[in-house]
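I have placed the structure first, in the form of structure tokens, so that the comments after it can refer back to it.
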Amino acid sequence: MATLKDSVVINRSPEAVFEWFAHFTENYRAWHKDHVLAKWVKGQNFEKGSVLYAEEYLGGKLEKLSFEITSCVRNELIEYKVLFPESLICSGGSFSIKPSNGGSVFTAALSFRFGGLLSKVAGKRVEDIRVHMKEEGENLKMLLENGEKM
């Protein structure tokens, strides 16, 4: 199994970062230029068992994704599993928020079910995801630190 991780230091408290996620569906499109929509189809606001549906472009292709929240610790951690059919490639991921020098370290992680041969075949897709994750981290930092309306 391979895991992609991206971390960024945000000069805002873990509470402020988590509050942004508490309004995820409203903030989703502002987070990245390739985000199209996000909506809760079961539950809401990262409650365990809630299901989020999202559409975004990755590598120029529209992806329709569903995620089930498996764990949420307020101001610290959101964990999720990716639902079928994407779950065949990506098992799940997380967003963690750690306090650091009066701010936060935000880390996004995604775990993939492949190695070896499949990783060579999926290499371009994985690179597209890695770039997208990095841009999301940079954008989240900008949105929160610049106080832009979300």
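In my numbering, the protein residues as written are 32 to 181.
The C-beta atom is built at its ideal place from N, Cα and C for all residues, glycine as well.
Of the residues assessed, P45 falls on the buried side of the cut-off, its CB having 16 or more other CB atoms within 10 angstroms. Distance from the CA of S125 to the CA of A140, rounded to the nearest whole angstrom, comes to 5 Å. For the segment 32-96, the continuous alpha helix (DSSP H) assignments of 4+ residues that do not extend past its boundaries occur at 45-52 and 55-62, in sequence order. Note: I100 is bridge-paired with Y111 in the DSSP secondary-structure output.
I128 is bridged by DSSP to F137. When the beta-carbon positions are compared, V113 and C103 stay at least 8 Å from each other. Residue state for G123 is assigned as strand, using DSSP reduced to three classes. In the DSSP secondary-structure assignment, F143 is bridged to A33 and C121. With a 10 Å radius around the Cβ and a threshold of 16 neighbouring Cβ atoms, H163 comes out buried. About 6 Å separates the CB atoms of V48 and L175; that is less than 8 Å, so the two are in contact. The alpha-carbon of G134 is positioned some 29 Å away from that of G80. For the 8 Å CB-CB criterion, V72 and F98 do not form a contact. The C-beta of F77 has 16 or more other C-beta atoms within 10 Å across all chains shown, which makes the residue buried.
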